[in-house]
Amino acid sequence: MRVALAGFLHETNTFAPSKAGLEEFRSGGGYVPMVRGPELLEAFRDVNLGMSGAISVAKTQGWHLIPVLWAGAIPSAHVTQIAFEQIAEEIVSGIRDAGPLDGVFLDLHGAMVAEHIDDGEGELVRRVRAVVGPKVPIAVALDLHGNISEQMVDLVDALVGFRTYPHVDMAVTGASAARILDDMMKTGIRPAKAYRKMSYLVPIPSQSTDLAPAKKLYAELAAVEAEGALSASLFMGFPATDTPDCGPTAIAFANTQVAADQAAERIFAAYEAAESDFNTVTYTPENAMVEAARLLAIEGRGPVVIADTQDNPGAGGVSATTGMLRAMIAADTTDAAIGLIVDPATAQAAHDAGQGATAQFNIGGHPGLPDEVPVSTMAIVESLSDGRLRATGPYYGGTHLDLGLSACLRIGGVRVVVTSQIAQMADREMFRFIGVAPEEQSILVVKSSTHFRADFAPIARNIIVALAPGPMPFNPSKLPFTRLRPGLRLSPNTNQDEK
Ligand SMILES: [Zn+2]
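This is how it looks when you write it as structure tokens:
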């Protein structure tokens with residue numbers, strides 16, 4: 383079986399301050415940096431991404447692989463037209479030039495919007511379909527946050543989404559899609575498919591599959607498959623994407639249309655019935671510090687982990703806002719740490735000052751955000767690093783990260799992990815590499831909404847969600863949408879409790 387492999391991943395927050403150009407795809411930002419040709423196979427060894435799972439299935443099934451190109455960038459505003467066209471063209475021409483193919487495997491996200499195209503993945507698949515023709519099966523692995531279009535479902539033969547958030551099953555999902563592709567190539571049979579769009583958006587911290595009701599909704603997918611669906615997927619959708627396809631989707635594949643329709647309907651109905659269970663208590667930065675102090679007094683030890691969700695770079699944040707840092711300093715807390723603050727100038731200044739030095743710094747802030755100014759303060763340069771580390775927790779799953787010149791600055795009892803490159807704080811190694819032992823802190827503030835749970839929940843005494851100002855509002859109803867499909871509700875019908 384001759385199978386072409388390609389990947390193109392971006393989660394687009396159409397309201398975020400900066401776009402994704404070719405440089406963002408080249409560096410990867412927490413993903414594998416852009417890679418093409420045979421090197422692609424080596425790059426996905428021992429990491430947790432959809433492509434890794436597909437390659438493992440390919441090996442066991444003896445596929446002849448034609449690796450074309452894989453490119454992923456950290457979430458941000460739109461993919462630039464230049465980046466989309468160049469990457470898409472390289473993928474499409476690589477597949478066209480691959481010779482006769484038995485199948486195509488694509489590792490995609492599902493919420494990519496380019497400057498000139500609303501449905502990034504749908505457009506890519508349309509172009510791939512145009513060169514391989516109607517008979518070659520195309521299988522796709524997608525993120526749980528995909529805003530899946532009808533065009534996309536129409537054009538592919540198998541489509542499987544992650545079932546966990548934090549996404550600890552990315553490689554598993556790629557393997558599932560690849561196994562369905564293997565069956566289609568061997569039998570020549572294409573399953574029937576069904577597609578339903580749901581009626582309301584959910585804030586991303588409330589989507590965690592560690593928590594009710596998402597935990598139960600995702601557990602039910604296995605039951606749907608046990609009753610006869612070949613594959614069942616529930617996409618929570620990425621709520622900060624102002625396009626008509628934004629929102630959750632139920633998708634099922636089965637041997638008959640009736641079975642596919644029934645499976646999709648069951649996923650749809652369960653999601654619709656769960657609306658009043660999506661509820662997350664949130665705190666202002668100041669009240670988050672008060673609540674953390676209260677919990678520490680009761681529990682006797684930390685860490686209390688505070689999710690600085692509105693500046694989560696995994697959802698379009700810049701990982702540089704200072705609202706939580708200011709609250710930490712104001713609370714005069716001890717043994718507290720925050721990361722990552724992405725600020726190349728401060729990282730460079732810390733290296734220039736040298737380890738052990740005390741100096742004036744302007745930490746964080748982002749010129750693209752209103753009222754977001756750096757914290758000007760004296761700080762001690764506690765440690766320095768070149769920013770290279772291997773993130774070994776269940777989310778990154780062994781990915782090598784290059785955070786660039788990095789420093790740990792200490793302001794009183796608050797340690798700030800400053801880096802030059804962006805990546806979501808979702809791994810304890812992202813504190814350890816700069817000398818901060820996360821287990822020994824009383825308070826850890828993480829620039830993440832949910833992925834941090836994979837590696838931090840096992841050590842967290844408590845987890846709370848704070849709403850410091852940032853580019854990704856917790857509640858989707860606060861976003862200035864203009865292009866959603868009519869009737870879509872912007873948040874669940876529950877009182878989101880703000881303390
Ligand atoms: Zn996701």
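Counting in the working numbering, the sequence shown runs from 383 upward without gaps. In this text, a Cβ means the ideal position worked out from N, Cα and C, and glycines have one as well.
| query | result |
| --- | --- |
| CA-to-CA distance, L422 to V799, given in whole angstroms | 31 angstroms |
| Sequence-distant residues of the same chain with beta carbon closer than 7 angstroms to A398, five excluded per side | S458, A459, G698 and P853 |
| With 16 other Cβ atoms within 10 Å as the buried cut-off, status of E424 | exposed |
| Rounded Cβ spacing between L490 and L524 (contact assumed at less than 8 angstroms) | 6 angstroms |
| H733, enclosing alpha helix (DSSP H) - first and last residue | P726 to A735 |
| Which listed residue (D484, R835, G610 and V507) has its alpha carbon closest to that of T569 | D484 |
| Test item: CB-CB of E887 and C790 under 8 angstroms | Nothing can be reported for residue 887: it is not among the residues displayed for the chain, which extend from 383 to 881. |
| D484 beta carbon near ligand 1 (any heavy atom closer than 7 angstroms) | no |
| Beta carbon of K579 nearer than 8 angstroms to that of T631 | yes |
| Candidates M618, G610, M566 and Y547: closest to Y582 by CA position | M618 |
| Check whether D643 and T396 have beta carbons under 8 angstroms apart | no |
| Close Cβ partners of A773 (< 6 angstroms) along its chain, the five nearest in sequence each way excluded | T781, L783, D809 and E811 |
| Enclosing alpha helix (DSSP H) for E764 [first to last residue] | Note, E764: premise wrong, no alpha helix (DSSP H); beta strand (DSSP E) at V757 to S767. |
| Own chain, CB closer than 6 angstroms to A634, minus 5 neighbours either side, in chain order | A576, A611, A614, A642, A645 and A646 |
| Buried versus exposed call for G779 [16 or more other C-beta atoms within 10 Å across all chains shown] | buried |
| Contact test: L329 Cβ vs ligand 1 heavy atom, cutoff 7 angstroms | Outside the shown range of the chain, which is 383 to 881, sits residue 329, and nothing can be said about it. |
| E393 beta carbon near ligand 1 (any heavy atom closer than 7 angstroms) | yes |
| Three-way DSSP call (helix, strand, coil) for E503 in this model | helix |
| Buried or exposed by the 16-neighbour rule on C-beta atoms within 10 Å, applied to R676 | exposed |
| Cβ pair count under 8 angstroms reaching 3, the stretch 838-851 against the stretch 601-608 | no |
| Contact set for E416: own chain, Cβ-Cβ below 6 angstroms, skip 5 residues either direction | Per the sequence shown, residue 416 should be read as Met rather than Glu. The answer, listed in chain order, is F407, R408 and A453. |
| Given Q806 as reference, the closest of T555, Q443, L526 and D693 once Cα atoms are compared | D693 |
| The stretch 654-672 touching the stretch 549-557, judged by at least three CB pairs closer than 8 angstroms | no |
| CA-to-CA distance, V429 to A674, given in whole angstroms | 34 angstroms |
| Assigned secondary structure, S615 (DSSP; H/G/I helix, E/B strand, else coil) | strand |
| Buried or exposed (CB count within 10 angstroms, at least 16 for buried), R427 | exposed |
| Span separating the alpha-carbon of F813 from that of S788 | 11 angstroms |
| Run of the beta strand (DSSP E) containing Y577, from where it starts to where it stops | A574 to K579 |
| Where E393 falls, given that 16 or more other Cβ within 10 Å makes a residue buried | buried |
| Burial state of E754 (16 or more Cβ within 10 Å) | buried |
| Alpha-carbon spacing of A702 relative to K829, whole angstroms | 9 angstroms |
| First through last residue of the alpha helix (DSSP H) which encompasses L677 | P667 to E681 |
| Reduced DSSP category for G705 - H, G, I as helix; E, B as strand; rest coil | helix |
| Neighbourhood of L707 by C-beta distance below 6 angstroms, restricted to the same chain and skipping five residues each side | I720 and V757 |
| Neighbourhood of G504 by C-beta distance below 6 angstroms, restricted to the same chain and skipping five residues each side | S531, Q533 and M534 |
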